[in-house]
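Peer 1:
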Amino acid sequence: MQKQTIIAASSLLLAGIATVHPPVVHASEAMNSLRVKSNQQVNNLLRQGRKLVDAKEIAKALKVYQQAAELDKNNPRIFSAIGYLEALQGNYRQAANAYLQAVTLEPKNADFQYALGYSLGQLGDNAGAAAAYARATGLDSKNLNAYLGLGVVLQRLGDYNRAMQAYQGAIALDPQNLEAHKFIGSTLMKQGRSREAVQAFQRAVALAPKDTSLQLSLASAYLKQGNVADGVAGLQRIAQMEPRNPQINLQIGKLLQEQNNLNGALEAYQRAASLQPDLVEAQAGVADVLMKQQDFLMAIVAYRRLIEISPQDAQAYYNLGTALKKRDRIQDAIAAFEQARDLFRRQGHKEDSQRADSALRELKKERS
Numbered sequence: 338m339q340k341q342t343i344i345a346a347s348s349l350l351l352a353g354i355a356t357v358h359p360p361v362v363h364a365s366e367a368m369n370s371l372r373v374k375s376n377q378q379v380n381n382l383l384r385q386g387r388k389l390v391d392a393k394e395i396a397k398a399l400k401v402y403q404q405a406a407e408l409d410k411n412n413p414r415i416f417s418a419i420g421y422l423e424a425l426q427g428n429y430r431q432a433a434n435a436y437l438q439a440v441t442l443e444p445k446n447a448d449f450q451y452a453l454g455y456s457l458g459q460l461g462d463n464a465g466a467a468a469a470y471a472r473a474t475g476l477d478s479k480n481l482n483a484y485l486g487l488g489v490v491l492q493r494l495g496d497y498n499r500a501m502q503a504y505q506g507a508i509a510l511d512p513q514n515l516e517a518h519k520f521i522g523s524t525l526m527k528q529g530r531s532r533e534a535v536q537a538f539q540r541a542v543a544l545a546p547k548d549t550s551l552q553l554s555l556a557s558a559y560l561k562q563g564n565v566a567d568g569v570a571g572l573q574r575i576a577q578m579e580p581r582n583p584q585i586n587l588q589i590g591k592l593l594q595e596q597n598n599l600n601g602a603l604e605a606y607q608r609a610a611s612l613q614p615d616l617v618e619a620q621a622g623v624a625d626v627l628m629k630q631q632d633f634l635m636a637i638v639a640y641r642r643l644i645e646i647s648p649q650d651a652q653a654y655y656n657l658g659t660a661l662k663k664r665d666r667i668q669d670a671i672a673a674f675e676q677a678r679d680l681f682r683r684q685g686h687k688e689d690s691q692r693a694d695s696a697l698r699e700l701k702k703e704r705s
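Under the working numbering, the residues of the sequence shown are numbered 338 to 705, in order.
As structure tokens, then:
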């Protein structure tokens with residue numbers, strides 16, 4: 338979704354995660370209506386701020402509205418305008434504080450509550466965001482974006498049943514809402530309800546058939562359900578849709594590896610690494626699959642390449658040492674394990690460092 342008057346919400350999902358509409362709060366209407374009859378100086382500041390917003394001079398506009406707030410501390414729409422401008426700049430803490438002042442002055446304004454929920458959600462205060470979104474839906478039962486936002490933060494909190502209720506509320510308002518169907522699918526996957534997730538993702542794909550991320554989610558749901566044929570067919574379609582997209586090939590590799598389709602996973606990882614040679618996850622995938630296939634010679638080559646692009650990857654050194662040991666290259670294996678141990682120590686991974694030390698002692702014992 339595109340950035341509107343504030344900013345598109347995350348990802349979430351999780352891990353991704355998803356996007357909901359930003360808090361519009363009828364910003365243009367609010368700013369145009371900011372006229373305080375009792376104070377001409379405030380009126381002048383508001384006019385000046387409006388012009389600066391129109392000119393996209395956000396930082397200057399913010400200072401002007403802050404001046405207006407100093408002169409009129411009881412106008413909730415001034416504080417909502419400040420929140421709007423702070424959020425535009427990614428200053429969600431300041432935005433939340435401003436919206437909190439706005440809702441304190443006008444608690445029954447659903448748009449203010451929604452904007453507060455959005456800002457708190459961006460800060461990771463999911464419980465606070467859920468409360469604000471819930472107030473917004475209570476005040477305005479037709480606020481579709483508030484239902485979506487509520488579902489997202491409830492999903493983050495692991496409250497999947499209430500998240501589903503929120504998404505269903507959005508669908509009741511707009512049965513063709515792509516985001517709602519997508520979020521329902523992801524929530525069902527979190528609950529292990531892959532069969533129902535397939536149905537949700539099918540509805541989402543029907544609404545946006547060219548969206549490869551949705552196609553990938555559907556394929557993943559098929560595979561989780563145990564429907565390997567449709568899952569693999571879906572992955573093949575995705576590869577045809579975006580054959581030169583390294584991230585798509587990377588995700589295909591991960592899904593195939595989860596299904597223990599090592600040959601298919603290796604091909605996908607290799608395509609991703611070829612398309613983007615510095616893509617660490619793809620190169621790690623190549624190396625790890627080669628290890629699982631016990632192709633230790635090629636695994637050594639792959640881990641050395643991984644270390645070239647990610648020289649602080651302690652696990653890559655450890656795995657390299659393991660592959661070298663399998664090829665009876667003891668001295669090289671010792672050097673790799675020593676490097677792994679030192680990196681693990683510097684990075685504060687005590688147990689991993691001890692694991693590398695144990696491998697070293699075993700190797701040195703074998704050599705002696």
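Beta carbons: idealized from backbone N, C-alpha and C, even for Gly.
Near Ala722, which residues of its chain fall below 6 Å by C-beta distance, leaving aside the five closest residues on each side in sequence?
Peer 2: Look at the range of the chain in this structure, 338 to 705, and you will see that residue 722 is not part of it.
Peer 1: Give me the residue from Lys393, Gln513, Ala439 and Ser478 with the minimum Cα distance to Asn717.
Peer 2: The requested residue 717 does not occur in the structure, where the chain is confined to residues 338 to 705.
Peer 1: Would you call the CB atoms of Tyr640 and Gly622 closer than 7 Å?
Peer 2: No, the pair does not count as a contact, with Cβ atoms beyond the cut-off.
Peer 1: Could you check what DSSP says for Gln492 in three-state terms: helix, strand or coil?
Peer 2: Residue state, collapsed to three classes: helix.
Peer 1: Just the Cα atoms here: how many angstroms apart are Ala418 and Tyr402?
Peer 2: Those two C-alpha atoms are separated by around 7 Å.
Peer 1: Using only alpha-carbon positions, find the residue among Leu510, Gly529 and Ile667 that is nearest to Leu485.
Peer 2: Among Leu510, Gly529 and Ile667, the Cα nearest to that of Leu485 is on Leu510.
Peer 1: Applying the criterion that 16 or more other CB atoms from any shown protein chain within 10 Å of the CB defines a buried residue, is Pro413 buried or exposed?
Peer 2: With 16 or more Cβ atoms within 10 Å of its Cβ, Pro413 is classed as buried.
Peer 1: Terminal residues of the continuous alpha helix (DSSP H) containing Asn498?
Peer 2: Note, Asn498: alpha helix (DSSP H), Tyr497 to Leu510.
Peer 1: Could you pull out every unbroken alpha helix (DSSP H) segment of at least 4 residues lying fully inside the segment 421-452, listed in chain order?
Peer 2: Counting whole runs of 4 or more residues, the segment 421-452 contains the alpha helix (DSSP H) stretches 429-442.
Peer 1: Using 8 Å for Cβ pairs, my map puts Val569 next to Leu555. What's the rounded Cβ distance?
Peer 2: The pair is not a contact, with the Cβ atoms about 12 Å apart (cut-off 8 Å).
Peer 1: Among the residues of its own chain, which have a CB less than 6 Å from the CB of Gln492, if the five just before and after it don't count?
Peer 2: For Gln492, where only same-chain residues beyond five positions count, the Cβ hits under 6 Å are Ala500 and Thr524.
Peer 1: Pick helix, strand or coil for Gln528, following the three-state DSSP scheme.
Peer 2: Coil at Gln528, not helix or strand.
Peer 1: So is the beta-carbon of Leu599 under 6 Å away from any non-hydrogen atom of the ligand PLP?
Peer 2: For the structure depicted, the ligand PLP is absent and the ligand set is empty, with no information on it obtainable.
Peer 1: Please report the straight-line C-alpha distance between Lys374 and Gln426, rounded to a whole angstrom.
Peer 2: Residue confidence is low: Lys374 scores 49 on pLDDT, short of 50, so the model does not pin down where it sits. Its coordinate-derived value is still stated next. Using only the alpha carbons, I get a separation of about 30 Å.
Peer 1: Alpha helix (DSSP H) containing Lys629: first to last residue?
Peer 2: Start and end: Val617 to Lys629.
Peer 1: Count the other C-beta atoms from every protein chain shown that fall within 10 angstroms of the C-beta of Glu688, then say buried if there are 16 or more, exposed otherwise.
Peer 2: The residue in question, Glu688, is exposed, as its Cβ has fewer than 16 Cβ neighbours within 10 Å.
Peer 1: Between the C-alpha atoms of Arg664 and Met578, what's the straight-line distance to the nearest angstrom?
Peer 2: Those two C-alpha atoms are separated by around 40 Å.
Peer 1: Going by DSSP in three states, Lys374 sits in which element: helix, strand or coil?
Peer 2: Residue confidence for Lys374 is low, a pLDDT of 49 falling below 50, so the modelled location carries little weight; the figure read from the coordinates is stated next. Looking at Lys374 - three-state DSSP - the assignment turns out to be coil, as it is neither helix nor strand.
Peer 1: The alpha helix (DSSP H) with Ser550 in it runs from where to where?
Peer 2: That run of the alpha helix (DSSP H) goes Thr549 to Gln562.
Peer 1: For Pro583, name the three-state secondary structure that DSSP assigns.
Peer 2: Correct three-state label for Pro583: helix.
Peer 1: Are the beta-carbon atoms of Leu592 and Ser550 separated by less than 7 Å?
Peer 2: Contact flag unset, no.
Peer 1: Near His518, which residues of its chain fall below 6 Å by C-beta distance, leaving aside the five closest residues on each side in sequence?
Peer 2: Ala537, Arg540 and Ala541.
Peer 1: Rounded to a whole number of angstroms, what is the C-alpha to C-alpha distance between Thr470 and Ala464?
Peer 2: The sequence shown places Tyr at residue 470, rather than the Thr named in the question. If I take the Cα positions, the gap works out to 10 Å.
Peer 1: Is it buried or exposed for Pro583, if we count other Cβ within 10 angstroms and need 16 for buried?
Peer 2: Buried, by the Cβ-count rule.
Peer 1: Excluding sequence positions up to five away, which residues of its chain have a Cβ less than 7 Å from the Cβ of Lys400?
Peer 2: Cβ neighbours of Lys400 beyond the five flanking positions: none.
Peer 1: Mind checking Ala543: buried by the 16 CB within 10 Å criterion, or exposed?
Peer 2: Result: exposed.
Peer 1: Taking the CB atoms as reference points, tell me whether Asn589 and Leu572 lie closer together than 7 Å.
Peer 2: Contrary to the premise, residue 589 reads as Ile rather than Asn in this sequence. It is a contact, given that the beta carbons lie within the stated cut-off.
Peer 1: Helix, strand or coil: how does DSSP classify Arg387 here?
Peer 2: Looking at Arg387 - three-state DSSP - the assignment turns out to be helix.
Peer 1: Nearest-angstrom Cα distance between Ile667 and Ala693?
Peer 2: In a straight line, the C-alpha of Ile667 is about 14 Å away from that of Ala693.
Peer 1: What is the residue span of the alpha helix (DSSP H) that Arg664 lies within?
Peer 2: Run containing Arg664: none; DSSP gives neither H nor E here.
Peer 1: Along the chain, where does the alpha helix (DSSP H) containing Lys301 start, and where does it finish?
Peer 2: Examination of residue 301 is not possible in this model, given that the chain is present from 338 through 705 alone.
Peer 1: If you compare alpha carbons, which of Asp615, Arg574, Ile575 and Ala636 is closest to Leu603?
Peer 2: With distances taken between Cα atoms, Leu603 lies closest to Ala636.
Peer 1: Going by DSSP in three states, Asn480 sits in which element: helix, strand or coil?
Peer 2: Three-state result, Asn480: coil.
Peer 1: Do Ala483 and Tyr436 have their CB atoms nearer than 7 Å?
Peer 2: No, they are not a contact pair.
Peer 1: State the DSSP-derived secondary structure class of Leu460, mapped to helix, strand or coil.
Peer 2: In the structure shown, Leu460 sits in coil (DSSP, three-state: anything other than H, G, I, E or B).
Peer 1: Using only the alpha-carbon positions, how far apart do Lys388 and Leu422 sit?
Peer 2: Roughly 13 Å separates the two Cα atoms.
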